[in-house]
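Sequence lines, in order, name chains G and H. Just so you know, numbering that gives the first Met the number 0 puts 291 at position 292 of the first sequence, and the rest follows in order with no gaps. Just so you know, numbering that gives the first Met the number 0 puts 302 at position 303 of the second sequence, and the rest follows in order with no gaps. Cβ coordinates follow ideal geometry from the N, Cα and C atoms, glycine included. In what follows, a structure is listed as structure tokens, so that the remarks can point back to it.
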Amino acid sequence: MNSDICLILEGTYPYVSGGVSGWTHELIKEQPDKKFSLFCLVPPGSLKKLKHKYEVPPNVVEIVNVELQHLPLYKKSISKLERRRLMKRLHEPLMKLQTNASLEDLEHLLGLLKASGKKLGRETLTDSKEAFGLLCDMYEEALPTSSFLDYFWSWRALLGGLFSVLTCDYPQAACYHSLCTGYAGLFMARVSLETKRPTLLAEHGIYTNERRIEIGTAEWLDDQQSLNLNVDLRATRKSLRDFWIDSFIGYSRLAYQVAEWSITLYEGNKELQLDDGADPKYLKVIPNGIDFETYSKIPRKSEGRPTVGFIGRVVPIKDLKTLIRACGFLRESVPDVQVWIMGPTEEDAEYYEECLDLVQHGGLEEVVRFLGKVNIKEYLGQIDVLVLTSLSEAQPLVILEAGGVGVPSVATDVGSCSELIFGSPTEDPPIGPGGAICPLASPTAVAEALAKLLNDRKVYERCSRAIKERVDRYYRKELQHQAYREMYEQLIAQPKVDTLARMGARMPVED
Amino acid sequence: MAGIGFVLRRLSRQDNLLGLMQAYVYSALISTGPWMFTILSLGSITFLAGKFTSIDVLSEFRRVIIYNFAFSLVFSAPIFMVVTRYLADAIYAKDVKRTPGLLIGGTLLMFGTQLPPVLIFYFGYANINPALAFAATINFLLISEIWLISVFVTALKDYKTVTLAFGLGMGFSALSSAFLVETLGLIGLLTSFSLGLCIIIALLVARILAEYPYRFEKPFDFIQYFPRYWEVAAAGVTYNSASWVDKWIMWFAPEGDHSPTGLFLYPNYDSAMFLAYLSIVPSMAMFIMSVETSFFEAYLRFYRDIQNKAPLSQIRRNHKAILDSLIKSARNFLVIQGSVSVICILLASKIFLSMGINFMQISIFRFGVLGSFFQVLTLFVNIVLSYFDCRSAYLKLQGFFLVSNGVFTVLFLMGGFRFYGMGFFFASVATFVVSASYMMYYLLRLPYHTFVTTNASVNSD
């Protein structure tokens, strides 16, 4: 065993900065007694250009990078005859894996890929004449009337990705922890079968959902068929989009099946996991936490103008225009209110300009101020209410950080916002609302909710106390790290178990 | 999404399709054009100048000219092949601003690289007086320049001006030789030929600059194409050496003209082969007429339908259509060129008698005609392969022709006079068989090659 935990990362840490990467970095740092290895899936062609965006902690003992879709080339591979035989045998399990994936099919497939005892790379699996023949056969069986060119690229992307995670070398570890489904999830199913070690899945966003949006908007997948106005014809035929989505759902299902636990950040995401075939008994919610000790000690202002704060990048997805429009209404009921917009403005300069214009048109120069990127710890004590008008969020930490200080929030009904503000259904005893939730893109509702908090001292005090208590009780960083520590220790201590046998034990709860 | 590769990306702009087809036809012209020029200008100068001078001067003149034609073509091939590629890309990209610069850069590079070996050859090796060596060197550079300019001229497609330029130039040569031979003898004859070339070059350069009225900028920009298209450069050298190698070897035949100048020739062999090569003119003309018919249409449909998201069944039907049309064209081609060759062989004695050619050459001529028959078939295969952008295969096939032509010629040279010409013939047959087999092997797997092996997007990711 080289390490205690092998993290399976797809297109993220330590090469890309962002939410998941920051989270991963902290996870490793907070478990200094555990040895980690990183298994990183990187986009094709990026292998030579990889640069660390984080200083990898010393308890990371090994990093293995695998290029998705672009398989290595092995000069001495199997013979033409063997290749032909292999492709013939791969046909059926591959077809099944693209439509209705099961662990048995995956195991069968892994067996076939290993049978020759030789390393297989792109000379065999994607670029050979025989592989092209397999591609043609699968096309004939699945989508014989769709665009062959698009099928070709789809096949190379999907099956190329599949082959790269099923044939690569990987670190040996006591347990495997994947941060998403997709290819990482498929790989996790493979190591589960091969090493018999327990696995853990922790999803931030829901992979298949994100892919669904991407594939739905990919114009190049439009073929004659989907442009056809004859809806009946369209409905009866499977399309290339289904090929993509079915594949990803299949890979996800395999990940949910092998994972000891499938973790999400908030209850809302559970639904999506269940849709993709996860078993409710093995789902768990572990929210991200904040450093409550620090935030709870930030002193609050006692006088001055009523102040509303927005913390986040000035970009369309945060829907700042709704907030600015709301300020117009808000000024009517809270005349001396001021609204601070705190966050970088240079990411989408055009949008920022439009926001400035909107402020000018509304005559709101006295009310709305753009402060740029600030240290939020210095400003959280200066505001009365936090506002978040985003069109999409997962689990926004600013609501918790403000809550730690005692600042209630008004947020749109996205991601886990309502769970953070109103408490999860399992909260016992209920603590009460820590702010208000508004519908999307509704300036009047936002203005109304803010006015209520700013004008009604009693309501304000109640919300302030409630949110601070909720953060204290459920959203402390220590709780998050403790939960992972316990899970890791439990998994590391587990004996080797045959994955299919473990699946068998779970069987009764499945339909 | 990435495209389906080089071929398709070129095809995606429809307005350029005709240009693309023409480009392939011109590649055929470029590979046979220099030969035709060599043969025709040699023939006409010999004929015209023969009226003013002695047979000795004439044969010494032919000696220098043949050496210059042969070696300038081989040595300058890498440059003019790469320049062709650069110019084709510029025309395709509709960005021809650098053409005048390219012409200057190409010329400078040509002179810079040709001059050292030519000087060593004429002043060091050849046993001729310095004045003649000087005139021969100038002539060599001018012929090299003609090869380079022909690249630009074929792109212009202005055959009237080209014919006019060559007519005026060669006519001037003939006239001036009448005066210069009197006073300067061989050097005069050579100089008058060079003056004619100067006129051709001046007219064509003027025509090119009129077409591309831009500033001379970045003259050496095309140098970056050498590492990328080294196969094209190498194939140019190989193709042109392969076409000459049997003659080079035969110059050492015991029957050859082993002149004390050190510039050996074998006039009977050379003339017979030149004459035999003329037998391909009718089928070349036919090829240019017919290439735009079924094969090209099938070829276009194949790639266009892929790009237009056709299902595999349609792609397979189009693939079959390509094979069918190819077989049909090949059959027509075989019939026509076959008849021409048979006629030439049967009527050889009548032709020789009427033109007053030495009967020593008749068997070499017959093998030459047969060999040319297979050579032109190979050319047909090469053009088909060039449609599919098989650069490295093309280089290998040319290499095969070079080696087999060399080896067979040496073997049959040892067999004695009766076997002269057979080396070229067998090499042509072998090269054709190999090229045609490779083409069929490739074309039967065309969908695979299109999507995987020649797909730039697959190979770059």
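Q | GLY308 of chain G classed as buried or exposed, judged by whether at least 16 other C-beta atoms fall within 10 angstroms | A | buried
Q: Using a threshold of 8 Å, state whether the C-beta atoms of GLY267 of chain G and VAL313 of chain G are closer than that.
A: no
Q) Is there a Cβ from chain G that is less than 8 Å from the Cβ of PHE450 of chain H? A) Among the residues facing chain G, PHE450 of chain H is included, as its CB has a counterpart in that chain under 8 Å away.
**Q.** Alpha carbon of ALA234 of chain G to alpha carbon of GLY288 of chain G, nearest angstrom
**A.** Its pLDDT being 49, under 50, ALA234 of chain G is placed unreliably by the model, and the measurement read from it follows with that caveat. Spanning the alpha carbons of ALA234 of chain G and GLY288 of chain G requires a straight line of approximately 45 Å.
Q) Excluding five sequence neighbours on each side, which residues of the same chain lie with their C-beta closer than 7 Å to the C-beta of LEU194 of chain H? A) Close CB contacts of LEU194 of chain H within its chain, under the 7 Å cut and outside five residues either way in sequence, are with PHE171, SER172, SER175 (chain order).
Q.
For the structure I just gave you, are there three or more beta carbon pairs, one from the stretch 117-134 of chain G and one from the stretch 74-86 of chain G, closer than 8 Å?
A. yes
(Q) Taking only three categories from DSSP, how would you classify TRP250 of chain H? (A) In the structure shown, TRP250 of chain H adopts coil according to DSSP, grouped into three states.
(Q) Taking the straight line between their C-alpha atoms, what separation do you get for SER417 of chain G and TRP339 of chain G? (A) 23 Å
Q | Reference LYS300 of chain G; option with closest CA among G:LYS283, G:TRP154, G:LEU102, G:GLY380 | A | Out of G:LYS283, G:TRP154, G:LEU102, G:GLY380, G:GLY380 has the C-alpha closest to the C-alpha of LYS300 of chain G.
Q) Based on the DSSP output, what are the partners of HIS176 of chain G in its beta bridges? A) Partner(s): G:LEU6, G:LEU199.
**Q.** For ALA141 of chain G and GLY371 of chain G, the rounded distance between their alpha carbons
**A.** 53 Å
Q: Can you grab the Cα-Cα spacing for the pair ALA500 of chain G / GLU259 of chain G, in whole Å?
A: 13 Å
Q: Taking GLY160 of chain G as the reference, give the member of G:THR411, G:ARG464, G:VAL41 with the closest Cα.
A: G:VAL41
Q | Proximity winner among G:GLU29, G:ILE375, G:SER2, G:TYR53, relative to GLY17 of chain G (alpha-carbon distances) | A | Selected option, being the one with the closest Cα: G:TYR53.
Q) From the DSSP output, which residues share a beta bridge with ALA435 of chain G? A) G:VAL409
**Q.** Cβ neighbours of TYR73 of chain G in the same chain (closer than 8 Å, five flanking residues each side left out)
**A.** LYS117, LYS118, LEU119, GLY120, GLU122, THR123
Q. For ILE289 of chain G, which three-state DSSP category applies?
A. In this structure, ILE289 of chain G counts as strand in the three-state DSSP scheme.
Q: Evaluate contact between the stretch 395-412 of chain G and the stretch 443-461 of chain G, counting only Cβ atoms and requiring at least three cross-stretch pairs below 8 Å.
A: yes
Q.
Is it buried or exposed, GLU144 of chain H, if we count other Cβ atoms within 10 angstroms and call 16 or more buried?
A. With a 10 Å radius around the Cβ and a threshold of 16 neighbouring Cβ atoms, GLU144 of chain H comes out buried.
**Q.** Under 7 Å by beta carbon: chain H residues contacting THR144 of chain G
**A.** PRO310
Q: Starting from ILE314 of chain H, find everything on chain G with Cβ-Cβ shorter than 7 Å and list it in chain order.
A: PHE147
Q. Relative to chain H, which residues along the stretch 124-136 of chain G have a C-beta separation below 7 Å, given in chain order?
A. ASP126, LYS128, PHE131, CYS135
Q. So, does the CB of ILE199 of chain H fall closer than 8 Å to a CB anywhere in chain G?
A. no
Q. Three or more beta-carbon pairs under 8 Å between the stretch 105-120 of chain H and the stretch 225-244 of chain H, yes or no?
A. no
Q) Does DSSP put ASP347 of chain G in a helix, a strand or coil? A) If DSSP states are grouped into helix, strand and coil, ASP347 of chain G belongs with coil.
Q: Would you decide whether ILE310 of chain G is buried or exposed? Buried here means 16 or more other CB atoms lie within 10 Å of its CB.
A: buried
**Q.** Per-residue contacts from SER335 of chain H into chain G (C-beta, under 9 Å)
**A.** It is Ile, not Ser, that sits at residue 335 of chain H in the sequence shown. Simply none; closest approach about 36 Å.
Q. Of all the CB atoms in chain H, is at least one closer than 8 Å to the CB of GLU139 of chain G?
A. Chain H, which has a Cβ nearer than 8 Å to the Cβ of GLU139 of chain G, makes this yes.
Q: Assign CYS512 of chain G to one of three DSSP states: helix, strand, or coil.
A: Here chain G comprises residues numbered 0 to 510, so residue 512 of chain G is not present and cannot be evaluated.
Q | Coarse secondary structure for LYS47 of chain G, derived from DSSP in three states | A | LYS47 of chain G: helix per DSSP, three-state reduction.
Q.
Short of 8 Å in beta carbon distance, which residues of its chain neighbour PRO298 of chain G, apart from the five on each side in sequence? Order them along the chain.
A. GLY380
Q.
What does the Cβ neighbour count give for CYS5 of chain G, buried or exposed, with the cut at 16 atoms within 10 Å?
A. CYS5 of chain G is buried by the Cβ-count criterion.
Q: Return yes when the C-beta of ILE200 of chain H is under 7 Å from any heavy atom of the ligand ATP, and no when it is not.
A: Looking for the ligand ATP in the displayed structure turns up nothing, as the structure carries no ligands at all.
Q: Would you kindly work out how many angstroms separate the C-alpha atoms of SER163 of chain G and TYR298 of chain H, rounded to a whole number?
A: 35 Å
Q: Give the DSSP bridge partners of SER261 of chain G, in chain order.
A: G:LEU200, G:LEU282
Q) Using Cβ-Cβ distances below 7 Å, what residues of the stretch 145-178 of chain G are close to chain H? A) SER145, SER146, PHE147, LEU148, ASP149, PHE151, TRP152
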